[in-house]
Amino acid sequence: MGTAFKDATTEYKLIELARVVSDPDHPRRQCDETGLRRLSESIAEFGLIQPIVVQPADAEGKHRIIVGERRLRAANLAGLTAIPALVHRCEPGEALEIQVFENLGQGVRLPLAPREMAHALKAIARGFESPDAAAERFGQDADWLEQKTAPANLTPKVEALLDTGRVSSCTTAVQLDKLARKNEARLDALVAELEEGEKLPKARIEEVLVAEGVKRAKKKPDPVAEPVVVEASAVMAAPAVSNPAARRVNPGKVRMVAQILGIDDGDETLVLDRLIDEFLAIKGEGTPPF
Numbered sequence: 001m002g003t004a005f006k007d008a009t010t011e012y013k014l015i016e017l018a019r020v021v022s023d024p025d026h027p028r029r030q031c032d033e034t035g036l037r038r039l040s041e042s043i044a045e046f047g048l049i050q051p052i053v054v055q056p057a058d059a060e061g062k063h064r065i066i067v068g069e070r071r072l073r074a075a076n077l078a079g080l081t082a083i084p085a086l087v088h089r090c091e092p093g094e095a096l097e098i099q100v101f102e103n104l105g106q107g108v109r110l111p112l113a114p115r116e117m118a119h120a121l122k123a124i125a126r127g128f129e130s131p132d133a134a135a136e137r138f139g140q141d142a143d144w145l146e147q148k149t150a151p152a153n154l155t156p157k158v159e160a161l162l163d164t165g166r167v168s169s170c171t172t173a174v175q176l177d178k179l180a181r182k183n184e185a186r187l188d189a190l191v192a193e194l195e196e197g198e199k200l201p202k203a204r205i206e207e208v209l210v211a212e213g214v215k216r217a218k219k220k221p222d223p224v225a226e227p228v229v230v231e232a233s234a235v236m237a238a239p240a241v242s243n244p245a246a247r248r249v250n251p252g253k254v255r256m257v258a259q260i261l262g263i264d265d266g267d268e269t270l271v272l273d274r275l276i277d278e279f280l281a282i283k284g285e286g287t288p289p290f
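Counting from 1, one number per residue, gives the positions in the sequence shown under the UniProt record's numbering.
Below, the structure is given as structure tokens:
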């Protein structure tokens with residue numbers, strides 16, 4: 001990428017929406033309608049928090065958008081007549097590269113940790129008359145809010161386990177919190193099994209949670225059928241068939257996704273289920289379970 005965009009002077013302006021035009025070469029071709037509607041509702045109430053970036057006006061007084069196509073569409077839906085913008089000169093060859101880089105940047109930004117998000121949501125919820133009203137602000141229900149804020153309501157003992165690193169996952173901490181409220185002595189006994197500062201093993205935690213009815217046991221695999229003896233000629237004649245059951249997800253990817261979601265990486269099925277839930281929530285087809 002050249003230095004024209006980096007070195008160009010930026011000017012802040014409030015520009016009439018009618019004078020902002022889309023870039024026909026912009027890589028964004030589709031917008032999730034549900035997400036766009038939610039963004040427009042937010043803009044209608046709070047205004048546009050992050051300005052769009054546009055080219056200087058052309059001979060007809062029009063500003064071509066560089067960054068912020070989705071915000072521009074949402075602002076139109078929200079009924080705005082003007083939009084805050086940063087006017088920044090960009091060479092024709094730079095625009096696409098900047099647009100792609102800006103969207104890649106959104107993908108690698110570090111999200112709030114589950115407990116940080118929980119405390120933030122809890123603070124916001126205090127300003128509403130009820131959990132239902134607070135959840136509605138985010139387009140969700142009260143159960144979603146309860147699950148999301150659970151890491152902000154841990155008992156002191158469980159919070160200490162999380163703070164000291166003896167428990168590394170917020171998901172596990174929330175489950176241990178349920179155990180503490182149900183049978184605090186059992187939690188004390190579990191912690192007492194180990195030396196001071198030693199991390200609680202996932203397998204042992206799960207064993208206790210299942211025994212106390214806090215967590216359901218993992219489904220056992222189907223028993224392996226007895227081998228069938230097949231004639232060699234039949235084997236040679238049969239077409240090769242792939243065995244999808246033998247394929248496994250890359251463990252490194254499982255760990256990475258589990259860390260992002262703040263859950264244990266020991267159960268591939270759980271990680272996959274959570275990933276699907278999060279994807280559906282983004283698409284507006286469901287709500288994340290936690």
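C-beta: ideal position from N, C-alpha, C; glycine also.
Cα-Cα separation, I65 to Q50: Within the sequence shown, numbered from 1, the residue matching residue 65 stands at position 65. Within the sequence shown, numbered from 1, the residue matching residue 50 stands at position 50. So the alpha carbons of these two residues sit roughly 14 Å apart.
For S22 and E69, believed in contact at Cβ under 8 Å, the rounded distance: For the purposes of this step, residue 69 is taken as residue 69 along the sequence shown, with counting starting at 1. For the purposes of this step, residue 22 is taken as residue 22 along the sequence shown, with counting starting at 1. Indeed they touch by this definition, with Cβ atoms about 6 Å apart.
L179 vs E212 beta-carbon contact at 7 Å: The residue given as residue 179 occupies position 179 in the sequence shown. The residue given as residue 212 occupies position 212 in the sequence shown. Yes, they are a contact pair.
DSSP state of D89 mapped onto helix, strand, coil: Walking along the sequence shown from the start, residue 89 turns up at place 89. What sits at residue 89 in the sequence shown is Arg, not Asp. Reduced to three states, the DSSP call for R89 is coil.
Beta-carbon separation (whole angstroms), A120 vs A134, contact threshold 8 Å: If you number the sequence shown from 1, residue 120 lands on position 120. If you number the sequence shown from 1, residue 134 lands on position 134. Not really, about 12 Å apart at Cβ, beyond 8 Å.
A217 and V208 closer than 7 Å at C-beta: Position 217 of the sequence shown, counted from the first residue, corresponds to residue 217. Position 208 of the sequence shown, counted from the first residue, corresponds to residue 208. No, these two residues do not count as a Cβ contact at 7 Å.
Residue range of the alpha helix (DSSP H) that includes E146: As a working note, residue 146 is residue 146 in the sequence shown. Looking at the DSSP string, the run of the alpha helix (DSSP H) that includes E146 is 142-149.
Contacts around P151, its chain only, beta-carbon distance under 7 Å, and the 5 residues preceding and following it disregarded: Here residue 151 corresponds to residue number 151 of the sequence shown, with the count starting at 1. These residues qualify, in order along the chain: P114, R115, A118, C170, A173, V174.
Given K13 as reference, the closest of P84, G47, R38, R37 once Cα atoms are compared: Against the sequence shown, residue 13 aligns to sequence position 13. For the set P84, G47, R38, R37, the Cα lying nearest the Cα of K13 is the one of P84.
Spatial distance of L190 from A95 (CA atoms): Stepping through the sequence shown from its first residue, residue 190 is reached at position 190. Stepping through the sequence shown from its first residue, residue 95 is reached at position 95. Whole-angstrom Cα-Cα distance: 58 Å.
8 Å contact criterion, which V67 and V53 should meet: CB distance rounded: Within the sequence shown, residue 67 is the residue found at index 67, counting from 1. Within the sequence shown, residue 53 is the residue found at index 53, counting from 1. Taking 8 Å as the upper bound for CB-CB distance, V67 and V53 are in contact here, some 4 Å apart.
CB of A74 within 7 Å of CB of I43, strictly: Within the sequence shown, the letter at position 74 stands for residue 74. Within the sequence shown, the letter at position 43 stands for residue 43. Contact: yes.
Bridge-paired residues (DSSP) for R64: The sequence position of residue 64 within the sequence shown is 64, counting from 1. Paired residue(s): V21.
Alpha carbon of G139 to alpha carbon of R38, nearest angstrom: Within the sequence shown, residue 139 is the residue found at index 139, counting from 1. Within the sequence shown, residue 38 is the residue found at index 38, counting from 1. Going from the Cα of G139 to the Cα of R38 covers about 8 Å.
Own chain partners of D273 with C-beta closer than 7 Å, once the 5 adjacent residues on each side are dropped: Here the question's residue 273 lines up with position 273 in the sequence shown. Cβ neighbours of D273 within its own chain (closer than 7 Å, five residues either side excluded): none.
Beta-carbon proximity check, L154 vs D177, cutoff 7 Å: The residue you call residue 154 lines up with position 154 of the sequence shown. The residue you call residue 177 lines up with position 177 of the sequence shown. Closer than 7 Å, so yes.
Residue 293 versus L80 - alpha carbon distance: A question about residue 293 goes unanswered here, because the residues of the chain that appear run from 1 up to 290.
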